[in-house]
Structure formats: C-alpha cells, structure tokens
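Participant:
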Amino acid sequence: MVVLRQRPLIRRTGELLNHTGIPSDPLRKPLALLHTSDLHIGSDTYPEKAIQAFNAVLDAAHETPVDAVLIAGDLFDAFRVPWNDVDYVIRSLAALACPVVILPGNHDTILTSPASSFPFRGLPANIHLLQAPNGEMVTLPSLGLSVWGKPVYNHEPSFRPLGGLPPRPSSGWYVAIAHGLVVNDNANLQRSSPIDTQELALADCDYIALGHVHRFENVTQVHPPAFYSGSPSDPEKPTVARVYLHPEKGVAVEAIHLPNHASGNNRTR
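Numbering of the sequence shown is given in numbering that gives the first Met the number 0, commencing with residue 0 and proceeding in unit increments.
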C-alpha cells in the first residue's frame, strides 16, 4: 500500500511550561526534542488508527524539525506485530534526519522477547534501541546529549523504571526516559513498574521523558521537569510533547495536539 503524505492539522497548546535551574555547562547548546510514547502499533483493536497516529508523529517531527526523537515505551502493542507494520516503522524512523531513541515498554514484547524475529542487528544507524535489562546510556556527541533508560522486561511491582539511574555525565544534556506509573503513596507502590515521586525529585538529570499514561501530564517534583507525552493513539486527546533544552532559559515543554484518528482517514501504509 502507498503512504499518502497529507499534512494533518497539528495544534499547539499555546503555552510553554518552563523550568530553570540548569547547571552551567559551556558544552550545552539549544536542542529541541520530540517526546512520544504509547503508539501501540500492531494493536488488534485499532491497527489502522495506530499507524495513522504514527504518521501524525512523523508529521510533527517534519513540521518543526527536532534534534532527536524519544519514544518512551509501547511503540508496538505485542509480540506478534505484522511484518509490514514493523518494516514501515523502521523505514519511516530511518528517514528522519535525526537520532531516534526507543525504550521498550511493557507492551513491547516484540522488542524484549528472546524469541522475537525483530531485526535487532540490522537497525539503521540513527535508531538507538535500549536493550540492557539494568539500563543503558546512549550518548549522542554531535548533540551533546546523553539519554538513559531501562527497558521493561518484567512489568511487575519489583521493577523500578528509574532504579539505578546513573550519575549525570561530566558534560552535556542528560535525559532519562522511563515507562511506568508515577505514584505518591506506599499503597500504589504495589502497582507494576512504579515510579515514586521521590525518585523524580532526586533524579540528577535535565528532563524525564515518561510513557505509560496516555494523556499529556506534568508530574514534575520541583526539578527536574518530568512529563508524560500522552498517546498519539488516544481517542480523545492525542498528543506528543516538544521539549526545548536551552543553556540559559532552561527547559520548556509544549503539548502538541495531533489529529484525532478515531474514525481513521485516507492515509495508509
């Protein structure tokens, strides 16, 4: 099938949420990041809608060019995803003129199962898939950016998405990417993949890109800024987040409202 590259209407919130307090670092330069999550490509429930939502994310990345794309979990929906969908996603991300960092979420068993046929060894150079069970750091020297994340191999209460966050690198921007549920009381720590608010408050990084909750939400605990991007596949308020890192102005986060594809449209794979 053919991809019809029609530009959807992408609406901004009109308000930037700014966070200052960035440590001084002469190697930091202004960056713009596109933060997304929870596309659930390959879903049995809404397969075409998920692809349309993915196309809307691509359009958002092209409309206002960004320096990197962060996918905070659940890019795919399950272990068995149609190969044409997998191939389309890889080719589309490879065509972006920037690095793409992918964190597997609890639905991304196609990315975490040892029995998966996903082409791990043949990924394009700009796609960075985080795979180390205890967390992995990707360093992008051309951007002065380091991204750390821990894939969800076991979606259970004992798994802590921000557990083991390494100290801040000696220079450059530092972003953590995590897929889990932010909780603020001990009772909710029994939820699978919990992220305690104290973990957010103590994280020594410049931004925390979160996935798992399907709505745009600011869960910052003073510093660093921590946001759920929302889901591009959400039937009511599909969103992504655009993140601006500036050495003097700090961090600004903007919700980008995407077209609603609940009923689908005429663009397909």
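Where a beta carbon is used, it is the ideal one built from N, C-alpha and C, also for glycine.
#1: Please name the residue, chosen from P64, H154 and E47, that lies closest to T111 on a Cα-to-Cα basis.
#2: Considering only C-alpha positions, which residue in the set G179, A177, H178 and M136 is nearest to P165?
#3: Report the rounded CA-to-CA distance for N54 versus F78, giving the unit in angstroms.
#4: Please report the straight-line C-alpha distance between G249 and H256, rounded to a whole angstrom.
#5: Hey, A131 and A175: beta-carbon distance below 7 Å or not?
#6: For W147 and Y173, what's the separation of their Cα atoms in angstroms?
#7: Any idea if A307 is buried or exposed, counting beta-carbon neighbours within 10 angstroms, 16 or more meaning buried?
#8: What is the DSSP secondary structure of P258, reduced to helix, strand or coil?
#9: Ignoring anything shorter than 3 residues or poking outside the stretch 151 to 177, list the beta strand (DSSP E) runs there in chain order.
#10: Could you please give the first and the last residue of the uninterrupted alpha helix (DSSP H) stretch that includes L57?
#11: Check the DSSP bridge columns for T238 and list the partner residues they point to.
#12: What residue from A240, V242 and S230 has the CA that sits closest to F75's CA?
#13: Whose C-beta lies closer than 6 Å to the C-beta of E216 among residues of the same chain, with five residues either side of it excluded?
#14: Using beta-carbon positions only, say whether L30 and L209 come within less than 7 Å of one another.
#15: Considering only C-alpha positions, which residue in the set P46, D58 and A71 is nearest to P81?
#16: With DSSP run on the structure shown, which of helix, strand or coil describes V68?
#17: Give the straight-line distance between the Cα atoms of G121 and A67, rounded to the nearest whole angstrom.
#18: Here's the rule I'm using: 16 or more other beta-carbon atoms within 10 Å means buried, otherwise exposed. How should L8 be labelled?
Facilitator: Taking the geometry as given:
#1: H154
#2: M136
#3: 21 Å
#4: 23 Å
#5: no
#6: 8 Å
#7: This structure leaves residue 307 out entirely; the chain is present only between 0 and 268.
#8: coil
#9: none
#10: P46 to E62
#11: H256
#12: S230
#13: Y227
#14: no
#15: P46
#16: strand
#17: 20 Å
#18: For L8, the predicted model reports a pLDDT of 42, less than 50, meaning its position is unreliable; a value from the coordinates is still stated below. So L8 counts as exposed.
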